[in-house]
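Here the structure is laid out as structure tokens; the discussion comes afterwards.
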Amino acid sequence: MNAYVACCGNCRHFAGTPVDLETQWRGLRVFGSGYSSVRSDDGICRLHERYLAASSLCGRHESEDVVAVGISEAKIGAVPINAATADA
Amino acid sequence: MTDIAHARAGIAAPPSIWSELLRKEDWWAVWIGLVLVVVAAALFVEGGSIKWIAVAPQKWTHVADAVAQLRAHAPQYLALFVLWAFLFGIGAAGLGLKVGPFLASFVLIYVVSLLLYFLGQWDQAAHYNLEPPLVALALGLLVSNTVGLPQWAQTGLRVEFFIKTGIVLLGAGLPFTLIAWAGPVAIVQAAIVSLVTFGVIYWVATRSGLDRRLAATLGVGGAVCGVSGSIAIGGAVGAKKEDVSLAISLVVLWAIVMIFVLPLVSRALSLPTGVAGAWIGTSEFADAAGLAAAQSYGGYAGHVAGISGSAEAAVNAFTLMKVIGRDIWIGVWAFVLSIIATTRWENTGIQGRAGASEIWRRFPKFVAGFLVASILITLISRGYSYADYKKTVLPGLVTPLQALRTWAFTFAFLAIGLTTRVREFASVGAKPFYAFAAGVLVNVVLGFVLSTQVFVGFWTRLGL
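Protein sequence lines, in the order shown, are assigned to chains A and B.
Using our numbering, the letters of the first sequence correspond one by one to residues 55 to 142.
Using our numbering, the letters of the second sequence correspond one by one to residues 55 to 518.
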């Protein structure tokens, strides 16, 4: 069963389509591409103004489907690093 | 702990790997390239060939000769256009691009590429430095930075799509035994240069007070694979949006400079084609830029006194160095730096959770197509003696595929110039510029020493 999983990739602040990226960075198309494998599913967080992996997460995640993630921004910062990166 | 567990249980299930097969440009390049290789191989095995449709201009002296050639082969050029438009059109549809504007734009790209391809076959082209990649780039830069192109004409300017398709086709002309023989040396040389270049850019950038995420984004852009490297690392470490923009601008700027500088310096030094290709593969930043430089230099072989080696050697050495030596490691760089960013660098309030699967997810998949094409043609060629290979396999199978590759590359070289609009690049600032420039300097010098001194015998033999 595919349960909803909160992540930047399904946050309303996240812009991760190829068109989003190529519009944001006009030079991207010269020697790169929004459609390339190397960028995986990364996108731009309009809230933090950062370019992030879709699997990232912060305490201000917002989705139309699920709002309560049960994790605060402070606690995100306190997540033990090894635990957070080990098997993502 | 409950919250942490919740967060970990809630780690996003990434999009299915299978869905990537249709939504990523790398895979479409693989499909298009391999369809052409498989059809060519099947026809060859049955006694036929694709050489009728894989038409390419031949050497000419007077304009009237070129016109006569064009008239005589007009149906073939038209059929080739239909083939490319069909294949790239399907790919464009798969990527979600608007097919109508894409095809309209592709008509323009094809016609101009045809003229450039013909220009390159002029017997005085090398004398006047009129190599098609350089002319395509210069022409494109001139148009895009002066009169510009209408919006519809820009849809088909997909540099990476064309160049990746060309690289898959390039695999058909590169025996797998050669890849196995030369690959390890390419990896060693590329690893030395990549690590040193990254170290220099990162060190200068951080010593200048720049953010470590920006330093890493710049560093991998300069050390591994240009714009692709910068966006892969930018996403992996969570760089600021404007930092990625800055890295893209610096990479494009230096990559275009190097397209002209590296072949000119190599020519001045009369480097053998294999050696020059290895140097370009070590010191250029982007595949398309490096292939433009390498193909230009290969064009001097046999036309410029003092330059030894075959034309193919420059492109082959470049590809081994850049694609096998550098590109395929981007996922590893991204994975390692994402862990360092999460564990060592300042907390941004955003939790990166990339795992080892990112190594494959970010792997440039067109490399897989390149290797499959090489293996397939190598297997077919296995039963032939060298004399029979040159008499039968080369003209009936390999040369037509190389002609198609040259077409794909020409589309890309033209698109580079037409998509480069200088005024759209971010203002880079002095510190990032100096950090990147320091890396460029070290990269170019170290790449030159390794290619022309340490491994010179190896790269020279590749060109024989």
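Yeah, the Cβ is synthetic: ideal placement off N, Cα and C, and Gly gets one too.
Predicted, not measured: the structure shown is a model, and the values here were computed from it.
What's the C-alpha gap between residue i and residue j?
i	j	result
B/L170	B/T464	8 angstroms
B/L430	B/A226	8 angstroms
B/T402	B/L472	38 angstroms
B/G102	B/A128	21 angstroms
A/V120	B/L433	Note that A/V120 scores 49 on pLDDT, short of 50, meaning its location in the model is unreliable and no value can be drawn from it.
B/A126	B/I163	22 angstroms
B/Y354	B/S439	30 angstroms
B/W85	B/F467	21 angstroms
B/N199	B/V305	18 angstroms
A/Q78	A/T71	11 angstroms
B/G283	B/I104	36 angstroms
B/L157	B/V165	12 angstroms
B/G335	B/G511	17 angstroms
B/A120	A/H67	56 angstroms
B/L323	B/F502	11 angstroms
A/C99	B/A367	44 angstroms
B/L516	B/A365	11 angstroms
B/D265	B/A259	8 angstroms
B/Q208	B/V161	12 angstroms
B/L224	B/P449	15 angstroms
B/E74	B/F389	19 angstroms
B/D341	A/C65	34 angstroms
B/R475	B/G194	10 angstroms
B/A309	A/D96	24 angstroms
B/K295	B/G483	16 angstroms
Using a 10 Å radius around the Cβ and a threshold of 16 neighbouring Cβ atoms, would you call residue i buried or exposed?
i	result
B/A359	exposed
B/P238	exposed
B/D177	exposed
B/E400	exposed
B/W461	buried
B/T506	buried
B/G220	buried
B/D442	exposed
B/G263	exposed
B/P229	buried
B/L196	exposed
B/W106	exposed
B/L249	exposed
B/Q405	buried
B/H116	exposed
B/P486	buried
A/Y89	buried
B/A240	buried
B/Y182	exposed
B/Q456	buried
A/S110	buried
B/R261	exposed
What do you reckon, are the CB atoms on residue i and residue j nearer than 8 angstroms?
i	j	result
B/V526	B/G379	This structure does not reach residue 526 of chain B, given that chain B is present from 55 up to 518, and the question cannot be answered.
B/V291	B/A270	yes
B/V213	A/V84	yes
B/Q349	B/V319	no
B/A469	B/F216	yes
A/G81	B/I302	yes
B/L168	B/L184	no
B/A347	B/L316	yes
B/P454	B/A94	yes
Shorter than 7 angstroms, the distance from the beta carbon of residue i to the closest heavy atom of the ligand HEM, or not?
i	result
B/I384	The ligand HEM is absent from the structure shown, which contains no ligands of any kind.
Whose Cβ in chain D lies nearer than 7 angstroms to the Cβ of residue i?
i	result
A/S110	Among the protein chains in the structure shown, which are A and B, there is no chain D.
What are the residues in the region 83-105 of chain A lying within 7 angstroms of chain B by C-beta distance? Correct list: R83, V84, F85, G86, S87, Y89, S90, S91, V92, R93, S94, D95, D96, I98, H102, E103, R104 and Y105.
Mind checking the region 61-86 of chain A against chain B and listing, in chain order, the residues whose C-beta falls within less than 9 angstroms of any C-beta there? Taking a C-beta cut-off of 9 angstroms against chain B, the contacting residues of the region 61-86 of chain A are C61, C62, G63, N64, T71, P72, V73, L75, Q78, W79, R80, G81, L82, R83, V84, F85 and G86, listed in chain order.
Below 7 angstroms between beta carbons is the criterion; list the residues of the region 406-430 of chain B that meet it against any residue of chain A, in chain order. Those residues of the region 406-430 of chain B that come within reach of chain A (Cβ to Cβ, closer than 7 angstroms) are G406, R407, A408, G409, E412, R415, R416, F417, P418 and K419.
Residues of the region 73-97 of chain B in Cβ contact with chain A at a cutoff of 9 angstroms, in chain order, please. Correct list: E74, R77, K78, E79, D80, W81 and W82.
Residues in the region 136-158 of chain B with C-beta within 7 angstroms of chain A's C-beta atoms, listed in sequence order? Residues L149.
I'd like the ranges of any alpha helix (DSSP H) spanning at least 4 consecutive residues and lying wholly in the region 432-491 of chain B. Here the runs fully enclosed are 453-473.
Restricting to runs no shorter than 4 residues, where is the alpha helix (DSSP H) found entirely within the region 267-338 of chain B? Counting only unbroken stretches of 4 or more residues, the alpha helix (DSSP H) elements lying wholly within the region 267-338 of chain B are 280-291, 295-322 and 327-337, in sequence order.
Interface positions of the region 454-476 of chain B facing chain A (Cβ-Cβ less than 8 angstroms), listed along the chain: Listed in sequence order: I470, T473, T474 and R475.
Determine which residues of the region 272-298 of chain B have a Cβ less than 7 angstroms from any Cβ of chain A, and write them out in chain order. Shown in chain order are the members of the region 272-298 of chain B whose Cβ falls below 7 angstroms from a Cβ of chain A: G280, V281, S282, I285, A286, G288, G289, A290, G292, A293, K294, K295 and V298.
Using a Cβ-Cβ cut-off of less than 9 angstroms, list which residues of the region 328-354 of chain B approach chain A; keep chain order. Residues F339, A340, D341, A342 and A343.
Which of the residues in the region 362-395 of chain B, read from start to end, lie with their CB under 9 angstroms from any CB of chain A? Residues D381, I384, G385, A388, S392 and I393.
Which runs of the alpha helix (DSSP H) spanning at least 4 residues fall entirely within the region 115-161 of chain B, listed in chain order? Look at the region 115-161 of chain B and you find these whole runs of alpha helix (DSSP H), each 4 residues long or longer: 117-126 and 128-149.
What are the residues of the region 302-314 of chain B that lie near chain A, defined by any Cβ-Cβ distance shorter than 8 angstroms? Those residues of the region 302-314 of chain B that come within reach of chain A (Cβ to Cβ, closer than 8 angstroms) are I302, S303, V305, V306 and A309.
What are the residues of the region 495-518 of chain B that lie near chain A, defined by any Cβ-Cβ distance shorter than 7 angstroms? Listed in chain order, the positions of the region 495-518 of chain B with a beta carbon within less than 7 angstroms of a beta carbon of chain A would be empty, since no residue qualifies.
Under 8 angstroms, CB to CB, which of the residues in the region 194-216 of chain B have a partner in chain A? For the region 194-216 of chain B, which is checked against every Cβ of chain A, the residues closer than 8 angstroms are L211, R212, V213, E214 and F215.
Pick out the complete alpha helix (DSSP H) segments inside the region 379-404 of chain B, 4 residues or longer, and give them in chain order. 384-398, all fully within the region 379-404 of chain B.
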